[in-house]
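Since the structure comes first, as structure tokens, the remarks are kept for the end.
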Amino acid sequence: MEMRSRRRWYGLAAKFNLLTIWLILATTGGTVALLIRTQVSEHYADLLRDGAALAEHLSQNSEYAVFTQNPDALAQIVRSLKSYQHVAYVRFADLKGRVLHESVANPSVAIPPMSAAREPFADTRVRFAETAEGRTGARYIDLLVPVVGASASDPTRMFLDVEGSGGEKDTVGFI
Numbered sequence: 145m146e147m148r149s150r151r152r153w154y155g156l157a158a159k160f161n162l163l164t165i166w167l168i169l170a171t172t173g174g175t176v177a178l179l180i181r182t183q184v185s186e187h188y189a190d191l192l193r194d195g196a197a198l199a200e201h202l203s204q205n206s207e208y209a210v211f212t213q214n215p216d217a218l219a220q221i222v223r224s225l226k227s228y229q230h231v232a233y234v235r236f237a238d239l240k241g242r243v244l245h246e247s248v249a250n251p252s253v254a255i256p257p258m259s260a261a262r263e264p265f266a267d268t269r270v271r272f273a274e275t276a277e278g279r280t281g282a283r284y285i286d287l288l289v290p291v292v293g294a295s296a297s298d299p300t301r302m303f304l305d306v307e308g309s310g311g312e313k314d315t316v317g318f319i
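Mapping of the sequence shown onto the numbering used here: residues 145 to 319, in sequence order.
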């Protein structure tokens, strides 16, 4: 008894249809990958832009708390950040880099050390770096913005009714 090969030969039209289907699937897959990449890139840019705006605003509003190194005032500022779901941690430091207050939104998050290797963001005082959390590997955008205000040599410049207080301000700490 002779075994016949069950190999089936497809015609030219079937091969062309198969090629067309494969090209449609490849094009669709490429389009989906490009859309996902664009969405991730736009989300990253939005996070960075919103984070920089929040950090600038926080820097302006925390001048007195950082200048006086008041732990209650710093804690109150941190409590005001609880409504921001994208804020993983906040750290206030003095001019020498000593931590005045720090807080995390999730206890499993480890706050990375302050480093000087940061890029400036647009035309702002905000500097940023992307960091990875050591234990989980989660990526964060770590923002650093100076808190500017009255100098320690002339604290009367902090008050608005003092003549000359609108001049140049000194860095008193960092967020």
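Glycine residues also receive a C-beta, built at the ideal position from the N, C-alpha and C atoms.
Inset, instruction - Kindly identify the DSSP beta-bridge partner or partners of Ala276. - result: Counting from one through the sequence shown, the residue named residue 276 turns up at place 132. Looking at the DSSP assignment, Ala276 forms a beta bridge with Arg283.
Legend entry - Minimum C-alpha distance to Gly278 - residue among Pro290, Pro256 and Ile285: Counted from its first residue, the sequence shown places residue 278 at position 134. Looking at the Cα atoms, Pro256 is the closest of the given residues.
Legend entry - Under 7 Å between C-beta atoms of Ala266 and Asp286: Here residue 266 refers to the residue found at position 122 of the sequence shown. Here residue 286 refers to the residue found at position 142 of the sequence shown. For the 7 Å CB-CB criterion, Ala266 and Asp286 do not form a contact.
Inset, instruction - Taking Ser247 as the reference, give the member of Val234, Ala157, Asp216 and Gly293 with the closest Cα. - result: Along the sequence shown, read from residue 1 onward, the residue named residue 247 stands at position 103. Out of Val234, Ala157, Asp216 and Gly293, the CA that lies nearest to the CA of Ser247 is found in Val234.
Inset, instruction - Compute the distance between the beta-carbons of Ala237 and Ala249, then report whether it is under 7 Å. - result: As a first step, residue 237 is located in the sequence shown; it is residue number 93 there, counting from the start. As a first step, residue 249 is located in the sequence shown; it is residue number 105 there, counting from the start. It is not a contact, given that the beta carbons lie outside the stated cut-off.
Legend entry - Residue of Thr275, Arg283, Asp314 and Ala282 minimising C-alpha distance to Gly293: Locating residue 293 in the sequence shown gives position 149, counting from the first residue. Relative to Gly293, the option among Thr275, Arg283, Asp314 and Ala282 whose CA is nearest is Asp314.
Legend entry - DSSP state of Arg223 mapped onto helix, strand, coil: Along the sequence shown, one-based indexing puts residue 223 at 79. Here Arg223 sits in helix by DSSP.
Legend entry - Residue-chain proximity (Ala199, chain B), Cβ-Cβ < 7 Å: Protein chain content of the structure displayed is limited to a single chain, and chain B is not contained in it.
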